[in-house]
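Chemist:
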Amino acid sequence: MKRLLPALLLLAAACKQKEYNADMLVKNAVVYTVDSNFTTASAFVVSGGKILAVGNADSLEQKYNAREVIDAQGAAVYPGFIDAHAHFYEYGMGLQEVNLVGTHSWPEIIDSVKAYAERNTDGWIIGNGWDQNDWTNKHFPDKAKLDSLFPMRPVILSRVDGHAVIANQAALNIAGVKPGQSINGGEIETSNGKLTGILVDNAVGIVTRKIPEPTAAIIDTALLSAQENCFAAGLTTVDDCGLPYTMINTIAELQHKGALKMRMYVMLADRQENYDYLFKHGAFKTPGLNVRAFKVYADGALGSRGACLLKPYADSAKWSGFLLSSQKHFEEIAPKIAAHGFQMCTHAIGDSAVRVMLKVYAANLKGKNDLRWRIEHSQVVSPQDLDTFGKYSIIPSVQPTHATSDMYWAGKRLGSERLKTAYAYKQLLKQNGWLPLGTDFPVENINPLYTFYAAVERKDLKGFPEGGFQPENALSRMEALKGMTIWAAKANFEEKEKGSIEPGKYADFVILDKDIMKVKGSEIPTTKVTKTYINGVKVYDKK
Numbered sequence: 001m002k003r004l005l006p007a008l009l010l011l012a013a014a015c016k017q018k019e020y021n022a023d024m025l026v027k028n029a030v031v032y033t034v035d036s037n038f039t040t041a042s043a044f045v046v047s048g049g050k051i052l053a054v055g056n057a058d059s060l061e062q063k064y065n066a067r068e069v070i071d072a073q074g075a076a077v078y079p080g081f082i083d084a085h086a087h088f089y090e091y092g093m094g095l096q097e098v099n100l101v102g103t104h105s106w107p108e109i110i111d112s113v114k115a116y117a118e119r120n121t122d123g124w125i126i127g128n129g130w131d132q133n134d135w136t137n138k139h140f141p142d143k144a145k146l147d148s149l150f151p152m153r154p155v156i157l158s159r160v161d162g163h164a165v166i167a168n169q170a171a172l173n174i175a176g177v178k179p180g181q182s183i184n185g186g187e188i189e190t191s192n193g194k195l196t197g198i199l200v201d202n203a204v205g206i207v208t209r210k211i212p213e214p215t216a217a218i219i220d221t222a223l224l225s226a227q228e229n230c231f232a233a234g235l236t237t238v239d240d241c242g243l244p245y246t247m248i249n250t251i252a253e254l255q256h257k258g259a260l261k262m263r264m265y266v267m268l269a270d271r272q273e274n275y276d277y278l279f280k281h282g283a284f285k286t287p288g289l290n291v292r293a294f295k296v297y298a299d300g301a302l303g304s305r306g307a308c309l310l311k312p313y314a315d316s317a318k319w320s321g322f323l324l325s326s327q328k329h330f331e332e333i334a335p336k337i338a339a340h341g342f343q344m345c346t347h348a349i350g351d352s353a354v355r356v357m358l359k360v361y362a363a364n365l366k367g368k369n370d371l372r373w374r375i376e377h378s379q380v381v382s383p384q385d386l387d388t389f390g391k392y393s394i395i396p397s398v399q400p401t402h403a404t405s406d407m408y409w410a411g412k413r414l415g416s417e418r419l420k421t422a423y424a425y426k427q428l429l430k431q432n433g434w435l436p437l438g439t440d441f442p443v444e445n446i447n448p449l450y451t452f453y454a455a456v457e458r459k460d461l462k463g464f465p466e467g468g469f470q471p472e473n474a475l476s477r478m479e480a481l482k483g484m485t486i487w488a489a490k491a492n493f494e495e496k497e498k499g500s501i502e503p504g505k506y507a508d509f510v511i512l513d514k515d516i517m518k519v520k521g522s523e524i525p526t527t528k529v530t531k532t533y534i535n536g537v538k539v540y541d542k543k
């Protein structure tokens, strides 16, 4: 019996060693934790969908026995990327429509629409992504060709920023649009007394409201197809800007079923029914869905000359753009949002629109605060207004690829002097010490590595310009990474649950085939995501 006792003890110890006390160990990695000290580690442990411990493999393997061990083989690991400004659902719907991104002429667009119409023979023809600034002839097109090809079938094609469309006569007839008709905050373009088909900003809604509502099956397909592409890009959270309250249950149900794993921070659109709903029911928060903000539109886009400027456009001497709603509307809705404790996030691109909203915000925020009201885009800011961001803790939420897309023509719109404080990310960062970054997809590409590249190098994917566009406003690599992880989480009031690889936070992380913190700048855009994880579960694997 005495001889058996040591053997039994050894057997018990061996059995105990085989017990699992963690779900996953990631080792042999360069882990950018993005914690408060921006430390790196070589390993971390996951349990129950959250980070359990971070350190080195030797010490973690002694303490934890994991069911799954991932040998990263020296690869760089980052917190899951967060897109602080996107249109996730719209992007998904666009995947089922005519893709006009990257087209270089109106005839090319016509060919794409014809090909789509042959494959899809019924219903409205809806397309998106054209940009006349990419054409040799940079003027808005005319609907004549669409009318001849589709005299009875309605067609509507959105500009890349969504702030202008071209519609054929069939679509205009359904909406009852007439020459000479006017609308506040929008433009119905005519030439020689006839409709050209071009509608800008608020005029767009006259037609889009006539498009039949998509079925539940189409909506689900849109969300899931968008998710698939976003996971491949390393995104684990997206801010979807401007949805109706009816989408809350749709998203929540898909997440509950386990089909939609993407985490979403949803801003409801500036519509009375959305205010009524959220004011009555309060914020909606689950691990996958956070609804506590409203998306308001102050003006349009610079590319379609809908941005509201303090002085006329340099290339249109009698035109300064316009606000999409009266200043009174913003002044009335801001205190209501504040009184209910919600976040106000306002699209403002032109320096006049930015100034109007900064004044409205200041009147309600009354000094330093932690309400994190945001100015989305903050694209053109008067030098006199920069310090207002910091004085009232107003958060500029920016999209670096806008700078490198717009740089070819932004100077023509603004002139050299105004351009100096346009896309001024470094100056905006200084106001509060942090800056959330996004893409505004589908206006820009969904790839967050392009965001990182544009922020750091201030170049487009062709490597232009050689020295970078206004390089004085480039961000450091550390700042750019924080902008698409921990600072983006902070913009959503979620910095305690995501945005860094730290104990207690969700195990959302991404593995890349190159270390974007160390490679040459020119190599950043060609870096690929190899694996994406949410809650410690692999949602994308580049085979």
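Numbering follows UniProt numbering, in which position 231 of the sequence shown is assigned residue number 231; successive positions increment by one, without gaps. By construction, the Cβ of each residue, glycine as well, lies at the ideal position given by its N, Cα and C atoms.
1) Which residue marks the beginning of the beta strand (DSSP E) containing Leu243, and which one marks its end?
2) Check whether the Cβ atoms of Val200 and Gly127 sit closer than 7 Å, and answer yes or no.
3) Below 8 Å on the Cβ atoms is my contact criterion, and I expect Ala348 with Met357 to pass it. Report the Cβ-Cβ distance as a whole number of Å.
4) Terminal residues of the continuous alpha helix (DSSP H) containing Val356?
5) Quick one: give me the first and last residue of the alpha helix (DSSP H) that Met478 is part of.
6) According to DSSP, which residues form a beta bridge with Gly127?
7) Which same chain residues end up closer than 8 Å to Pro214 when comparing Cβ atoms and leaving out the 5 residues on each side of it in sequence?
8) Express the C-alpha separation of Val207 and residue 544 in angstroms, rounding to a whole number.
9) Using DSSP with H/G/I as helix, E/B as strand and the rest coil, what is Arg263?
10) Would Met484 and Phe38 be called neighbours here (beta carbons separated by less than 7 Å)?
11) If we count Cβ pairs, one from each stretch, closer than 8 Å, do we get three or more for the stretch 96-108 versus the stretch 68-78?
12) Under the three-state reduction of DSSP, which class applies to Ala66: helix, strand or coil?
13) Run through the DSSP bridge pairs and tell me what Ser191 is partnered with.
14) Please give the ranges of any alpha helix (DSSP H) in the stretch 249-332, keeping only runs that are unbroken, at least 4 residues long and fully inside the region.
15) Here's the rule I'm using: 16 or more other beta-carbon atoms within 10 Å means buried, otherwise exposed. How should Lys542 be labelled?
16) Taking 6 Å as the limit between beta carbons, can you name the residues of its chain near Arg374, skipping five residues before and five after?
17) List the residues that DSSP assigns as beta-bridge partners of Phe44.
18) How long is the line joining the alpha carbons of Arg119 and Ser112, rounded to whole angstroms?
19) Quick one: Cα of Ala175 to Cα of Ser148, how far?
20) Taking the Cβ atom as the reference point for each residue, do Arg413 and Leu302 lie within a distance shorter than 7 Å?
21) Assuming Glu228 is part of the alpha helix (DSSP H), what are its boundary residues?
22) Three or more C-beta pairs under 8 Å: does that hold for the stretch 500-507 against the stretch 43-57?
23) Leaving out five residues on either side along the sequence, give the residues of the same chain with a beta carbon under 8 Å from the beta carbon of residue 578.
24) What does a CB cutoff of less than 8 Å around Ala86 pick up in its chain, not counting 5 residues either side in sequence?
25) If you draw a straight line from the C-alpha of Leu278 to the C-alpha of Ala338, how long is it?
26) Do you know how far the Cα of Thr190 is from the Cα of Lys180?
27) Give the list of continuous alpha helix (DSSP H) stretches no shorter than 4 residues that lie fully inside the stretch 365-424.
28) DSSP three-state label for Gly433, please.
29) Can you tell me which of the three DSSP states Lys210 falls into?
30) Taking the straight line between their C-alpha atoms, what separation do you get for Leu4 and Ala57?
31) Would you decide whether Lys498 is buried or exposed? Buried here means 16 or more other CB atoms lie within 10 Å of its CB.
32) State the Cα-Cα distance for the pair Ala14 and Tyr540, rounded to the nearest angstrom.
33) My assumption, with CB atoms under 8 Å, is that Ala422 sits in contact with Ala410. Please give the rounded CB distance.
34) What is the C-beta distance between Asn184 and Asn173, in whole angstroms, given that I count them as a contact (C-beta under 8 Å)?
35) My assumption, with CB atoms under 8 Å, is that Ile125 sits in contact with Val98. Please give the rounded CB distance.
Modeler: Looking at the coordinates:
1) Residue numbering aside, residue 243 sits at position 243 when the sequence shown is read from its first letter. Looking at the DSSP string, the run of the beta strand (DSSP E) that includes Leu243 is 235-243.
2) Counted from its first residue, the sequence shown places residue 200 at position 200. Counted from its first residue, the sequence shown places residue 127 at position 127. Going by C-beta atoms, Val200 is not nearer than 7 Å to Gly127.
3) As a working note, residue 348 is residue 348 in the sequence shown. As a working note, residue 357 is residue 357 in the sequence shown. Ala348 to Met357, Cβ: 5 Å. Contact.
4) For this step, residue 356 is matched to residue 356 along the sequence shown. Here the alpha helix (DSSP H) through Val356 covers 351-365.
5) As a position in the sequence shown, residue 478 is number 478, starting the count at 1. Start and end: 477-483.
6) Taking the first residue of the sequence shown as position 1, residue 127 is located at position 127. In the DSSP output, where bridge partners are listed per residue, Gly127 has Val98, Leu157.
7) In the sequence shown, counting from the first residue as 1, residue 214 sits at position 214. Excluding sequence neighbours, Pro214 sits near Met93, Ala222.
8) For residue 544 there is no data in the structure shown, the boundaries of the chain being 1 and 543.
9) One-based indexing of the sequence shown puts residue 263 at position 263. In the structure shown, Arg263 adopts extended strand secondary structure according to DSSP, grouped into three states.
10) Position 484 of the sequence shown holds residue 484. Position 38 of the sequence shown holds residue 38. Cβ distance not < 7 Å, so Met484 and Phe38 don't count as in contact.
11) By the C-beta criterion, the stretch 96-108 is judged not to be in contact with the stretch 68-78, since fewer than 3 inter-stretch pairs fall below 8 Å.
12) If you number the sequence shown from 1, residue 66 lands on position 66. Correct three-state label for Ala66: strand.
13) Taking the sequence shown and counting its residues from 1, one reaches residue 191 at position 191. DSSP, once it has assigned bridges, lists Lys194 as partnering Ser191.
14) With a minimum length of 4 residues, the continuous alpha helix (DSSP H) runs that stay inside the stretch 249-332 are 272-281.
15) Within the sequence shown, the letter at position 542 stands for residue 542. The residue is exposed, with fewer than 16 neighbouring Cβ atoms inside 10 Å.
16) Position 374 of the sequence shown, counting from 1, holds the residue named residue 374. Cβ neighbours of Arg374 beyond the five flanking positions: Cys345, Ile395, Ser397.
17) Here residue 44 corresponds to residue number 44 of the sequence shown, with the count starting at 1. DSSP lists Val26, Val54 as partners of Phe44.
18) Mapped onto the sequence shown, residue 119 falls at position 119. Mapped onto the sequence shown, residue 112 falls at position 112. One C-alpha to the other measures close to 11 Å.
19) Position 175 of the sequence shown, counted from the first residue, corresponds to residue 175. Position 148 of the sequence shown, counted from the first residue, corresponds to residue 148. Ala175 and Ser148: Cα-Cα distance of roughly 19 Å.
20) Along the sequence shown, read from residue 1 onward, the residue named residue 413 stands at position 413. Along the sequence shown, read from residue 1 onward, the residue named residue 302 stands at position 302. In this structure, Arg413 lies near Leu302, with their beta-carbon atoms less than 7 Å apart.
21) The residue given as residue 228 occupies position 228 in the sequence shown. Unbroken alpha helix (DSSP H) run through Glu228: 216-232.
22) Three or more beta-carbon pairs drawn from the stretch 500-507 and the stretch 43-57 are found closer than 8 Å, and the two stretches are therefore classed as touching.
23) The chain is shown only over 1 to 543; residue 578 falls outside these bounds and no answer can be derived.
24) Residue numbering aside, residue 86 sits at position 86 when the sequence shown is read from its first letter. Cβ contact annotation for Ala86 (same chain, cutoff 8 Å, sequence separation greater than five): Val238, Asp239, Asp240, Cys241, Gly438, Thr439, Asp440, Phe441, Ile446, in chain order.
25) Sequence index remark: in the sequence shown, residue 278 carries index 278 (1-based). Sequence index remark: in the sequence shown, residue 338 carries index 338 (1-based). Distance between the alpha carbons of Leu278 and Ala338: 13 Å.
26) Here residue 180 corresponds to residue number 180 of the sequence shown, with the count starting at 1. Here residue 190 corresponds to residue number 190 of the sequence shown, with the count starting at 1. The amino acid at residue 180 is misidentified as Lys; the sequence shows Gly. Roughly 8 Å between the two C-alpha positions.
27) Fully contained in the stretch 365-424 are the following alpha helix (DSSP H) runs of length 4 or more, in chain order: 386-391, 400-406, 410-414, 416-419.
28) In the sequence shown, residue 433 corresponds to position 433, counting from 1. Gly433 falls in the coil class under three-state DSSP.
29) Here the question's residue 210 lines up with position 210 in the sequence shown. Here DSSP, grouped into helix, strand and coil, assigns Lys210 to coil.
30) Here residue 4 corresponds to residue number 4 of the sequence shown, with the count starting at 1. Here residue 57 corresponds to residue number 57 of the sequence shown, with the count starting at 1. Low per-residue confidence applies at Leu4: pLDDT is 49, beneath 50, and the placement is therefore not dependable enough to give any value.
31) In the sequence shown, residue 498 corresponds to position 498, counting from 1. It is buried - the Cβ of Lys498 has at least 16 other Cβ atoms within 10 Å.
32) Walking along the sequence shown from the start, residue 14 turns up at place 14. Walking along the sequence shown from the start, residue 540 turns up at place 540. Only weak support exists for where Ala14 lies, its pLDDT of 45 falling under 50; the coordinates are left without a value.
33) Here residue 422 refers to the residue found at position 422 when the sequence shown is read from its first residue. Here residue 410 refers to the residue found at position 410 when the sequence shown is read from its first residue. So it is a contact: roughly 6 Å between Cβ atoms.
34) Numbered from 1 along the sequence shown, position 184 holds the residue referred to as residue 184. Numbered from 1 along the sequence shown, position 173 holds the residue referred to as residue 173. Asn184 to Asn173, Cβ: 23 Å. No contact.
35) On the sequence shown, residue 125 is found 125 positions in, with the first residue counted as 1. On the sequence shown, residue 98 is found 98 positions in, with the first residue counted as 1. About 7 Å separates the two Cβ atoms, so the contact holds.
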